[in-house]
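Chains A and B, in that order, are what the protein sequence lines are.
Sequential numbering of the first sequence, starting at 0, is according to numbering that gives the first Met the number 0.
Sequential numbering of the second sequence, starting at 0, is according to numbering that gives the first Met the number 0.
Below is one structure, written out as structure tokens, with a few remarks after it.
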Amino acid sequence: MSQIKASFELNGTLIGQSDPVAIKISEFILDMDNPSITSATRTLASGSDILIPCAQGAGVDHYLYIRNTGTNGAMTGTGKIIIKDDHPSAVREISELEVGDFLFIPVIGHGTDGGIEVFYDTAATNYVYAYFRRI
Amino acid sequence: MATLQSLFNLTGTITGQSDSVSISVNPVLTIGAPSVTSGGITTTAASGGTNQEVIGTADADCYLYVRNTGTSGGGTGTGQIDVVTVDGTKTFGNLKVGDFGFFPIKTGIGVSLKYSTAVTNVEYAIFTRP
């Protein structure tokens, strides 16, 4: 077993709201084990890439990080990334990352679905990802 | 239009891997209206868990932040939270006590939060993307 530390902050003021946004999580410890990928880079020019196959099984959950590293993220792509679950018969959309966007989510493993696949949208782009098996 | 400064870090070392984990990003997010800057709910155990909608299918693209604020997050709950599409057909996320997630949600999907294993406390925020 290994541990990594996660920190997250969102700060700012929204027009018309009296309370500022001040979300802060400092060095929350995540317990994890292999198989994990600490850093990977891909270019998505068409089709899709399976990041976490659903075949990893029920009860095998992961912390997943993905960032669209197109033009605002130090690379050259301009497209969006569509995030879908990797169900063999009924792939469903979950999320969409514009250039520069990132996500972090604990992904549940069901055995027959619950994996993650990323899809090309309207233009090629680049992305980095990492996932860590949660225990 | 408003902006939010984000910061996300993951650091540590995984057993058996030579490279350490060192992820750090801090993009500025452009935010429109409507938004929920801070919301709290307690999951409901009735009938195996009630879906509590936080984003409707008609809502625009948005960023969703959610954290299980049970016993190690400032609350008293001990359960997990399932993150479910609002039509109930897809459970794609699961948060143990203390876990959090931050992810963009595409319009038309909708998100509900659902009881899993025991009652717990939830903090969430929603920011519409212009």
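Using N, Cα and C, we set each Cβ at its ideal position, and we do this for glycine too.
>> Whether or not the segment 34-48 of chain B and the segment 38-56 of chain A are in contact is what I'm after, with contact meaning three or more pairs of Cβ atoms, one per stretch, closer than 8 angstroms; do they touch?
In response: no
> Given that A/G38 touches chain B, what residues does it touch there, using C-beta distances under 9 angstroms?
Replying inline: Looking up residue 38 of chain A in the first sequence gives position 39. Correcting the residue type first, residue 38 of chain A is Ser in the shown sequence and not Gly. Going along chain B in sequence order, the residues near A/S38 (Cβ under 9 angstroms) are D18, V20, S21, I22.
> chain A beta carbons: is any one of them nearer than 8 angstroms to that of B/G48?
Replying inline: For the purposes of this step, residue 48 of chain B is identified with residue 49 of the second sequence, where counting begins at 1. Chain A contact via Cβ: absent.
>> Helix, strand or coil for B/T77? Go by DSSP, reduced to three states.
In response: Position 78 of the second sequence, counted from the first residue, corresponds to residue 77 of chain B. In the structure shown, B/T77 sits in coil (DSSP, three-state: anything other than H, G, I, E or B).
> For the beta strand (DSSP E) that B/V96 lies in, which residues bound it at each end?
Replying inline: Looking up residue 96 of chain B in the second sequence gives position 97. Where B/V96 is concerned, there is no enclosing beta strand (DSSP E), because DSSP gives it neither an H nor an E.
>> Under 8 angstroms, with one C-beta from each stretch per pair, do the segment 11-29 of chain B and the segment 110-120 of chain B reach the 3-pair mark?
In response: no
> What is the residue span of the beta strand (DSSP E) that B/N120 lies within?
Replying inline: Reading the second sequence from its first residue, position 121 is the one you call residue 120 of chain B. From DSSP, the beta strand (DSSP E) with B/N120 extends over 120-127.
> From which residue to which residue does the beta strand (DSSP E) around A/K23 run?
Replying inline: Position 24 of the first sequence holds residue 23 of chain A. Per DSSP, A/K23 belongs to the beta strand (DSSP E) from 20-43.
>> List, in chain order, every chain B residue whose beta-carbon is nearer than 7 angstroms to that of A/V106.
In response: Here residue 106 of chain A refers to the residue found at position 107 of the first sequence. Near A/V106 (Cβ distances below 7 angstroms), the residues of chain B are F91, G92.
>> Please report whether the beta-carbon of B/K113 lies at a distance below 8 angstroms from any beta-carbon of chain A.
In response: Your numbering for residue 113 of chain B matches position 114 in the second sequence. It does not; no Cβ of chain A falls within 8 angstroms.
> Going by other Cβ atoms of all chains shown within 10 Å of its Cβ, with 16 needed for buried, is B/A57 buried or exposed?
Replying inline: Residue mapping note: residue 57 of chain B aligns to position 58 of the second sequence, counting from 1. Answer is exposed; the Cβ neighbour count stays below 16.
> Is A/T70 helix, strand or coil by DSSP?
Replying inline: Here residue 70 of chain A corresponds to residue number 71 of the first sequence, with the count starting at 1. Here A/T70 sits in helix by DSSP.
> Do you know whose CA, among A/T37, A/Q16, A/S45, A/A21, lies nearest A/Y119's CA?
Replying inline: Along the first sequence, read from residue 1 onward, the residue named residue 119 of chain A stands at position 120. It is A/S45 whose Cα lies nearest to the Cα of A/Y119.
> Between the segment 99-107 of chain B and the segment 95-103 of chain A, do at least 3 Cβ pairs fall closer than 8 angstroms?
Replying inline: yes
> Exposed or buried, B/T75, counting other C-beta atoms within 10 Å across all chains shown (16 or more means buried)?
Replying inline: As a working mapping, residue 75 of chain B is identified with position 76 in the second sequence. Exposed, by the Cβ-count rule.
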